[in-house]
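The sequence shown begins at 989 in the working numbering and counts up by one.
Beta carbons are placed, not taken as given, at the ideal position from N, Cα and C, and that holds for glycine.
Model, not experiment: these values are computed from the prediction.
Remarks on the structure that follows.
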Amino acid sequence: MIEEFNLLPLDDKEFAAEIIKKQLIEAKRDAIAKRVKEVQANLKKGIVKRGTVKELYKDLESD
């Protein structure tokens, strides 16, 4: 596959790179959306701790 890519003209390489870049952005967006759904579900279940960094750190120290 890499060998075939290297045979492409520069314009085609740039086009392919742009498509790959957009697909990576979309994949990251999908991963973030999935994580948001997980966090929202955990919030509803009450298994997520909220607070300032100081409060959360203090909570960790008390465990």
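Which same chain residues, not among the five before or five after residue i, have their C-beta less than 8 Å away from its C-beta?
{"i": "Lys1037", "result": "Leu1044 and Asp1047"}
{"i": "Lys1001", "result": "Phe993"}
{"i": "Glu1026", "result": "none"}
My assumption, with CB atoms under 8 Å, is that residue i sits in contact with residue j. Please give the rounded CB distance.
{"i": "Ala1004", "j": "Leu996", "result": "7 Å"}
Considering residue i, what are the terminal residues of the alpha helix (DSSP H) in which it resides?
{"i": "Arg1017", "result": "Leu998 to Lys1033"}
{"i": "Val948", "result": "One cannot answer for residue 948 here, as it falls past the ends of the chain, which runs 989 to 1051."}
I'd like the list of long-range same chain contacts for residue i, defined as Cβ closer than 6 Å, with 5 residues on each side in sequence excluded.
{"i": "Gln1011", "result": "none"}
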